[in-house]
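Quick note, this note's numbering runs 4 ahead of the 1-based positions in the sequence shown.
For every residue, glycine included, the Cβ atom is placed at its ideal position computed from N, Cα and C.
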Amino acid sequence: MTSYLPALLTTLLSLAPISVTAKIYKWTDENGQVHFSDKKIESVEQEVIKPRNHTSSWSRYDISVETIDTNLSKQELNKIVADVNLVYEFYDRVLFFDFYKTVPVKVLVLKNKKAYYEHLRKRLGEAPPASYGIYFPNDNQIVVYIQKDRARTFRTIKHEVSHAITDTVTPYAQSWLNEGLAEQMETLSKVEGQLRITSHWENYKWVNPPLRHEKLMDIGTFIRLPNTKWRHEQRNGSAPLQAQAGQFIYFLLSKPTGKSFVIRLMHKLERGNRTHSYYLVDKDYIGGIKGLEINWRNWLRGKTDKHITF
5 MTSYLPALLT TLLSLAPISV TAKIYKWTDE NGQVHFSDKK IESVEQEVIK PRNHTSSWSR
65 YDISVETIDT NLSKQELNKI VADVNLVYEF YDRVLFFDFY KTVPVKVLVL KNKKAYYEHL
125 RKRLGEAPPA SYGIYFPNDN QIVVYIQKDR ARTFRTIKHE VSHAITDTVT PYAQSWLNEG
185 LAEQMETLSK VEGQLRITSH WENYKWVNPP LRHEKLMDIG TFIRLPNTKW RHEQRNGSAP
245 LQAQAGQFIY FLLSKPTGKS FVIRLMHKLE RGNRTHSYYL VDKDYIGGIK GLEINWRNWL
305 RGKTDKHITF
């Protein structure tokens, strides 16, 4: 049996338009290096960078949620719609993207893992890679299945919505950035009007224990890893690689310098810049690759399970 429900975005009318109150400051030091920060420095002449005006002309559209041989409660259907929009709101409020008209995702929920892989095999025409969910860019469809841990199904949908956005808005993003953002969107919530991400427990388990994080790929090698190599590693079930991407993005977003770096990088990619992110670090991250590596390692040695609010 197939059921189909278009879920209108009525629960989140307050999101449009979204006003952004946070300021980003820009200044140039004596060496000609341009810096960005969300903190005002009284002793330095700074220019306030205003994000684009978010008075979108977008019209609300339906998010279609289709199920095959399984049932979702009204509460679960509403949660899917709310979660999809929560990820949209993160990209709008935190990363300053106005993209509502470009990523109207559809969600297909299958009854179990077997049905999921049978569906993918028919659609792909070959044995599918191991996954909990997948995003098809040709028709903006997300396909997932009901997992034993039912809540994980909904986290997977948020993960794939992030892929839908980055694949559409920043198609040349490197895998570490694309995958890292998707991993952290699994933890995204809204508490007292503020967006919040928390430590991704599975990624923390892989990356943060001292005996493990000392064996992580160094950041220079990690960022340089080609997307083709990344996909090869993923197909071989390289959980540590995915976990490092998630924790690395979590680290970057936890610091003003890192958050500013992610924002600048994403917007360069949006403008079609195909320069590999590795070569943008020395220009856009204070301290360059060496500074980034030091800050990352120091962060790993500290308390990394705090939540981050935006």
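Inset, instruction - Classify T170 as buried or exposed, calling it buried when 16 or more other Cβ atoms lie within 10 Å of its own Cβ. - result: Looking at its Cβ environment, which holds 16 or more other Cβ atoms inside 10 Å, T170 is buried.
Legend entry - With 16 other Cβ atoms within 10 Å as the buried cut-off, status of Y289: Answer is buried; the Cβ neighbour count reaches 16.
Inset, instruction - Please state whether DSSP places V195 in a helix, a strand or coil. - result: Per DSSP, reduced to three states, the secondary structure at V195 is strand.
Inset, instruction - Could you tell me which residues DSSP pairs with K145 in its beta bridges? - result: First, the residue type needs correcting, since residue 145 is Gln and not Lys in the sequence shown. Its beta-bridge partners are K110 and F140.
Inset, instruction - Using only alpha-carbon positions, find the residue among I267, A131, T225 and P133 that is nearest to F94. - result: Across the set I267, A131, T225 and P133, the C-alpha of I267 shows the shortest separation from the C-alpha of F94.
Legend entry - Test item: CB-CB of V111 and I146 under 7 Å: Yes, these two residues count as a Cβ contact at 7 Å.
Legend entry - Test item: CB-CB of V148 and T160 under 7 Å: Yes. Within cutoff.
Inset, instruction - Per DSSP, which residues does T313 bridge with? Please list them. - result: Beta-bridge pairing links T313 to R200.
Inset, instruction - Note down, in chain order, each residue of its chain lying with its Cβ closer than 6 Å to the Cβ of G137, except the 5 sequence neighbours on either side. - result: Once the five neighbours on either side are set aside, the close Cβ partners of G137 are V148, T160 and E164.
Legend entry - Integer-rounded CB distance, given that E183 should sit under 8 Å from A249: Contact between A249 and E183 holds, with the beta-carbon distance rounding to 5 Å and staying under 8 Å.
Inset, instruction - Please confirm if the segment 223 to 239 is in contact with the segment 275 to 294, defined as three or more CB-CB distances below 8 Å between the two stretches. - result: As far as the Cβ criterion goes, the segment 223 to 239 touches the segment 275 to 294, which means the pair count is three or higher.
Inset, instruction - Could you check the C-alpha separation between G197 and T313 for me, to the nearest Å? - result: One C-alpha to the other measures close to 10 Å.
Inset, instruction - Apply the 10 Å Cβ neighbour rule to S179 and answer buried if 16 or more other Cβ atoms are within range, or exposed otherwise. - result: Buried, by the Cβ-count rule.
Inset, instruction - Report yes if the CB atom of H311 is closer than 7 Å to the CB atom of T202, and no otherwise. - result: Less than 7 Å separates the beta-carbon of H311 from that of T202.
Inset, instruction - Express the C-alpha separation of Q246 and R235 in angstroms, rounding to a whole number. - result: Here the alpha carbon of R235 sits roughly 11 Å from the alpha carbon of Q246.
Legend entry - CA nearest to the CA of G306, picked from K272, F265 and F255: Residue F255 is the option with its Cα nearest to G306.
Inset, instruction - Find out if the Cβ-Cβ distance for the pair A186, V107 is shorter than 7 Å. - result: In terms of Cβ geometry, A186 and V107 do not form a close pair [threshold 7 Å].
Legend entry - D143 versus P175: straight-line alpha-carbon distance, rounded: In a straight line, the C-alpha of D143 is about 15 Å away from that of P175.
Legend entry - W210 versus L124: straight-line alpha-carbon distance, rounded: Looking at the two C-alpha atoms, the distance is approximately 28 Å.
Legend entry - Cα-Cα separation, A86 to L114: Looking at the two C-alpha atoms, the distance is approximately 20 Å.
Inset, instruction - Label A177 either buried or exposed according to how many other C-beta atoms from any shown protein chain fall within 10 Å of its C-beta, with 16 as the threshold for buried. - result: By the 10 Å Cβ count, A177 comes out buried.
Legend entry - Rounded C-alpha distance that separates K219 from N212: When rounded, the distance between both Cα atoms is 10 Å.
Legend entry - Enclosing alpha helix (DSSP H) for L269 [first to last residue]: L269 -> alpha helix (DSSP H) spans P260 to E274.
Inset, instruction - Can you give me the Cβ contacts of F158 inside the same chain, cut-off strictly under 7 Å, excluding the 5 residues immediately before and after it? - result: K83, I84 and D87.
Inset, instruction - Starting from G129, trace the alpha helix (DSSP H) both ways and give me its first and last residue. - result: First-last for G129: undefined, no H or E at that position.
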